[in-house]
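Contents: one structure, followed by commentary.
There are 2 protein chains.
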Amino acid sequence: MSSEPLRVALAGLGTVGAGVVKLLDANRDLIARRAGRTIEVAAVSARDRARDRGVDLARFAWTDDVADLAGRDDVDVVVELIGGSDGPALTLARRAIAAGKGFVTANKAMIAHHGAELAEAAEAAGVALKFEAAVAGGVPVIKGLREGAAANAIAQVDGILNGTCNYILSEMEAKGSDFADVLAEAQRLGFAEADPSFDIDGVDAAHKLAILATVAFGTRPDFDGVEVRGIRDVVAGDIAEAAALGYRVRLIGVAAADAHGLYQRVTPCLVREGHPLARVTGATNAVVAEGDFVGRLLFEGRGAGEGPTASAVVADLIDIARGIGGTAFGMPVASLSAAARADPGARRERAYLRFIVQDRAGVLAELTAGMRDGGVSIESMIQRGAGDSEGVLVAMTTHEGPARAVAAALERLEGSASLIGRPMVMPIVD
Amino acid sequence: MSSEPLRVALAGLGTVGAGVVKLLDANRDLIARRAGRTIEVAAVSARDRARDRGVDLARFAWTDDVADLAGRDDVDVVVELIGGSDGPALTLARRAIAAGKGFVTANKAMIAHHGAELAEAAEAAGVALKFEAAVAGGVPVIKGLREGAAANAIAQVDGILNGTCNYILSEMEAKGSDFADVLAEAQRLGFAEADPSFDIDGVDAAHKLAILATVAFGTRPDFDGVEVRGIRDVVAGDIAEAAALGYRVRLIGVAAADAHGLYQRVTPCLVREGHPLARVTGATNAVVAEGDFVGRLLFEGRGAGEGPTASAVVADLIDIARGIGGTAFGMPVASLSAAARADPGARRERAYLRFIVQDRAGVLAELTAGMRDGGVSIESMIQRGAGDSEGVLVAMTTHEGPARAVAAALERLEGSASLIGRPMVMPIVD
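Following this line, the structure appears as structure tokens:
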């Protein structure tokens, strides 16, 4: 245990960066007791020096060029809170690690895309690379899987990884509202970004899923292998039909590894009431992992925001201050396997299918023939006469079967004059 | 990273000990990838060498005297799975640590009683002392609080820490059965010990709570400061009344630290439906921690059994193999504070009170006068005419007030000829 302070440079002073400063101030003595030494901010960098962030920054050295932080002799660890998979964040990461600095980041996009390269560089330089805040905010799920569940072969990880989507879906559920209305309200309240596409199109959750999969399975990060669909096409009727069937609609990231390879998908799903992910509401994140000895583990908490994200960043700093080492992904990059991608069409599951159709004779016959010809076995079907002129909702659930059968059935129905808009498919999680 | 194997001695070959051997066999290669080296069992010791444990033990050195494991030159870490707060387990722990061995244990009683002494010895010897399996079985909650939440001042920890009690309470709930019947069934099924008193009287949960409190608050372990009440006195009527009010009965360990000191209690509680601990059924364990920056964290999973406990033991071994160090309780023993015990009577809460009374005039007047004179404000009250001759159930809930008021009211009613048996008091967790 060293009595020298751990000297930190902060790159980026948005909500999370300011939160880190606040946390290090508020819990300074407690952190020193836990870490065995104090953690001191030595230097900071951000775009706008003049902006009031609610914290006193005058006591820290300031550099305008964020990349300069990597070269400072008075810094042991660089904390990157700029964001973006490439650009200044990546440049800083490469330089800081090459300069022998520890590196802590909340940047899921960068770790999902460049995590293997950076982890390899960190191993070569003998420094720590840590990113607990990149997945599920304050919830220590990276540590939980990388260390807590390390004795297990993990078969599958399921998670609610994007608080914005979960907030929107649970608001739609609570109020019966449509997607667009809830999104607008969420933007007004600051729960959704002005450009919300990274969140609502599932990209943010996919970044996190690719990182989780690497830690859980010991496979190389494969963001491009994640099948991604967001929540834009979920309508109020889907949530109502799901509820009638005993399910809730959630954006679920699932990663599974078996003899067929690695399967990664982010998509809205029907989650059975009673499943731990079904009752997760609002901006909460939760991850369920299935280990061969431990069974099912659940980690849950706040997935974003100043306090939770700062908590995860500073936990990483305390680990470094304590001398708790270990590799970024739980094993050396050279030991990570390059898992083949499993054929998504082969995945066997039940599914929910929803169509908006013209209210005319023969439509149901056409739909059901399409299912039959695609090889889909229908478990339940309901048609709801809509009050408006925009057609009738038909929802069905299928028996378990390969995903490719559903795709084949929908292909047969493509272009049908009976259909209004594109059908919605959601896997069922029981 | 060393390429030498980590050599382990196993003391105790009951369910968990055999599970550790099975796990190290089953996931041998995966563990070696994660740990950076293999983990090898070098020697074992147990009471009965001849017993068939379903694993091949002939390949390991055997010693009849468990204490001999501490002195072996071919051992880096001793794993203690004997149990008991003192006796052979404690002797082994002291000797192993003094001999410079790492020490891993699932022994909550020993850590609750002697954890500070052993942690201090481990610090002096420069070896690891780890006990993830001692609390919540396979759920990495010690790591989660000690490291994952380390940046936070934690205000309170609530947990379902005993799977036997939770199994019994959730079976009583599901079947409307009485305690004695469910206990007998649980014993028949192997979910409860032949002598179940450590579990059902709350002592096991109290051991775990004292450990959790130490990690969460940085206070010295104070098992004797835990107020303990088990579940023997919970009757089917309590569970029915709780359900009618929107609550479930759970054995909850709560530890809170504030300016008044450290408060630790294990007691059956009414937990509001919707609270994460209310939906925990069967032998599952769960812990909720409230941090000042991270907010509420939830950890949940299997709290006991061969696989989950072995998972936690081997996770500790992997940490040691990886060279992940750190102190046993998250800070040096010298930094742990000796928190004063908070006055339990000052704790403000709502409570559920249940009486079995004679079915005669004036009883309710007597009860309500007792409440008034004790200073308890009644929120709701119900009397249920019972079908049998053993009296009538009266249940009430109180407004929030100091626990000492309830105690004072019950003291006034003590010895009343109207009461059959002792009243039941359960705090309400909203």
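Those sequence lines, one after another, are chains A and B. The working numbering puts the first residue of the first sequence at 102, with every later residue one more than the last. The working numbering puts the first residue of the second sequence at 102, with every later residue one more than the last. A virtual CB, placed ideally from N, CA and C, is assigned to each residue, including glycine.
Check                                                                                                                                                                                          : Outcome
What residues match up with ILE140(B) in a beta bridge as DSSP calls it?                                                                                                                       : LEU107(B)
Over the uninterrupted beta strand (DSSP E) stretch that includes ASN386(A), give me the two end residues.                                                                                     : 385 to 392
Going along chain A in order, which residues have a C-beta closer than 7 Å to the C-beta of GLY392(B)?                                                                                         : SER412
Indicate whether at least one CB of chain A lies closer than 8 Å to the CB of ASN208(B).                                                                                                       : no
Determine the chain A residues that contact LEU182(B) at a beta-carbon separation under 9 Å, and present them in chain order.                                                                  : Within chain A, no residue comes near LEU182(B); the closest Cβ sits about 15 Å away, beyond 9 Å.
Got a sec, what are the start and stop residues for the beta strand (DSSP E) VAL355(A) sits in?                                                                                                : 348 to 359
Whose C-beta lies closer than 6 Å to the C-beta of THR315(B) among residues of the same chain, with five residues either side of it excluded?                                                  : PRO322 and PHE430
Checking contacts by CB at 8 Å: is ALA251(A) closer than that to chain B?                                                                                                                      : yes
When you compare the CB of ILE353(A) with every CB in chain B, is at least one pair closer than 8 Å?                                                                                           : no
Taking just the CA atoms, how far does PRO377(B) sit from VAL240(B)?                                                                                                                           : 16 Å
Looking only at C-alpha atoms, which of ALA345(A), THR410(A) and SER278(A) sits nearest to GLY115(A)?                                                                                          : THR410(A)
List, in chain order, every chain A residue whose beta-carbon is nearer than 7 Å to that of SER436(B).                                                                                         : ARG134
How far does the alpha helix (DSSP H) with ARG451(A) in it extend, from its first residue to its last?                                                                                         : Counting along the chain, ARG451(A) falls outside any alpha helix (DSSP H), though it belongs to the beta strand (DSSP E) covering 449 to 458.
If LEU399(A) sits next to ALA384(A), beta carbons under 8 Å apart, how far is it from one beta carbon to the other, in whole angstroms?                                                        : No, LEU399(A) and ALA384(A) are not in contact; Cβ-Cβ is about 17 Å, not under 8 Å.
Output, in sequence order along the chain, the residues in the segment 400 to 429 of chain B whose CB is closer than 7 Å to any CB in chain A.                                                 : PHE400, GLU401, GLY402, ARG403, GLY408, PRO409, ALA411, SER412, VAL415, ALA416, ILE419, ASP420, ARG423, GLY424, ILE425, GLY426 and GLY427
Should HIS214(B) be labelled buried (16 or more other beta-carbon atoms within 10 Å of its own) or exposed?                                                                                    : buried
Using three-state DSSP, classify ARG609(A) as helix, strand or coil.                                                                                                                           : The requested residue 609(A) is not part of the displayed model; chain A covers only 102 to 531.
For a contact meaning CB atoms closer than 7 Å, what does ASN267(A) contact in chain B?                                                                                                        : The contacting residues do not exist; ASN267(A) stays about 15 Å from chain B at best.
Check whether the segment 204 to 218 of chain B touches the segment 145 to 152 of chain B, counting contact only when three or more Cβ pairs, one atom from each stretch, lie closer than 8 Å. : no
Reducing DSSP to helix, strand and coil, say where ASP474(B) ends up.                                                                                                                          : helix
Give every residue of the same chain whose Cβ lies closer than 6 Å to the Cβ of ILE212(B), excluding the five residues on either side of it in the sequence, and list them in chain order.     : PHE232, ALA235 and ILE312
Go ahead and pull the three-state DSSP assignment for PRO189(B).                                                                                                                               : helix
May I ask which residues mark the beginning and end of the beta strand (DSSP E) holding ARG496(B)?                                                                                             : Sequence check: residue 496(B) is Ala here, not Arg. Element bounds for ALA496(B): 493 to 499.
On the three-pair Cβ rule with 8 Å, is the segment 434 to 441 of chain A touching the segment 269 to 285 of chain B?                                                                           : no
Should MET102(B) go down as buried or exposed, given a rule of 16 or more other Cβ atoms within 10 Å for buried?                                                                               : Note on MET102(B): pLDDT 45, under 50, position unreliable in the model; no value is reported.
Measuring alpha carbon to alpha carbon, tell me which residue in GLU401(B), ALA337(B), VAL258(B) and PHE394(B) is nearest ILE353(B).                                                           : VAL258(B)
My output table needs one value for GLU233(B): the three-state DSSP class, helix, strand or coil.                                                                                              : helix
Per DSSP, which residues does PRO297(A) bridge with? Please list them.                                                                                                                         : According to DSSP, PRO297(A) bridges with nothing at all.
Measuring only the C-alpha atoms, how far is ALA416(A) from GLY155(B)?                                                                                                                         : 41 Å
Answer with yes or no whether the minimum CB distance from PRO106(A) to chain B is below 8 Å.                                                                                                  : no
Does the segment 124 to 144 of chain A come close enough to the segment 196 to 204 of chain A that 3 or more CB-CB pairs lie under 8 Å?                                                        : no
With a threshold of 8 Å between beta carbons, is ASN128(B) in contact with chain A?                                                                                                            : yes
Measure the C-alpha to C-alpha separation of LEU246(B) and VAL355(B) and round it to an integer number of angstroms.                                                                           : 15 Å
With a threshold of 6 Å on Cβ separation, who are the neighbours of ILE521(A) within its own chain once the five nearest residues in sequence on each side are excluded?                       : ILE457 and GLY492
With a Cβ-Cβ cutoff of 8 Å, do THR498(B) and GLU512(B) count as a contact?                                                                                                                     : no
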